[in-house]
Structure formats: C-alpha cells, structure tokens
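Participant:
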Amino acid sequence: MPKAALAIVAAVLAATPALAQEGGEGNASTTIGQLAGQGYEIKAAAPNGSRYVLFMQKEKSVYACEFVNTTRTQCRQIN
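Residue numbers (our numbering): 240 to 318.
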C-alpha cells in the first residue's frame, strides 16, 4: 500500500470514535448507499471493534464510512 494511503487509513482509524459520536440530524453525514448511488466505490475496509470503517472514493473525493450493519452507516468526507 502506498505510504500516503497508509497515512490516510491510520488517520481515519484514529478519528473513528469521533466520527461515530457526531451522528444525528443536522450534520453533513451521508450513507454508503447514497455515495454508491453517486458513483463512489469502496476502495478499502478496516475492522474497528464490532464495526468496520470503509473508504469510498470518486476521483479525488474520499469518504470514511462507519459501517455497523446494512441499516446503520454514516460517512464523512475526509479530504
């Protein structure tokens, strides 16, 4: 894995608890399904306890998504 990608993965995994706490109405989170519908592709996934963090990319735009199950996901743009 390129060093830059590894650094991004490490930074997002470190920020995942904060990502999970920010969920709720009135914020900029989106879902994996919404991103997939916009043409984003899953590029990587990493376990984080009982959850997974997925990284979705479309061109130069990247999102980190906390995936609990098929009905509970939230994504935040990381660049």
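We treat Cβ as the ideally placed atom computed from N, Cα and C, and that holds for glycine.
#1: So, with DSSP's three-state summary, where would you put Q273?
#2: Express the C-alpha separation of Q296 and G276 in angstroms, rounding to a whole number.
#3: Might you give, ordered along the chain, the residues of its own chain that have their beta carbon closer than 7 Å to the beta carbon of T269, omitting 5 neighbours on each side?
#4: Can you list, in chain order, the residues of its chain whose CB lies under 6 Å from that of Y279, leaving out five sequence neighbours each side?
#5: Taking the alpha-carbon positions, what's the Q273 to E305 distance?
#6: In angstroms with no decimal places, state the Cα-to-Cα distance between A303 and T310.
#7: Mind checking whether V301 and I317 have CB atoms under 7 Å apart?
Facilitator: Walking through what the data contain:
#1: DSSP places Q273 in helix when its eight states are reduced to three.
#2: In this model, G276 and Q296 are separated by some 12 Å (Cα to Cα).
#3: Cβ within range, chain order: C314.
#4: The answer, listed in chain order, is M295 and K297.
#5: If you take the alpha carbons of Q273 and E305, they lie about 14 Å apart.
#6: Whole-angstrom Cα-Cα distance: 17 Å.
#7: The Cβ atoms of V301 and I317 lie closer than 7 Å to each other.
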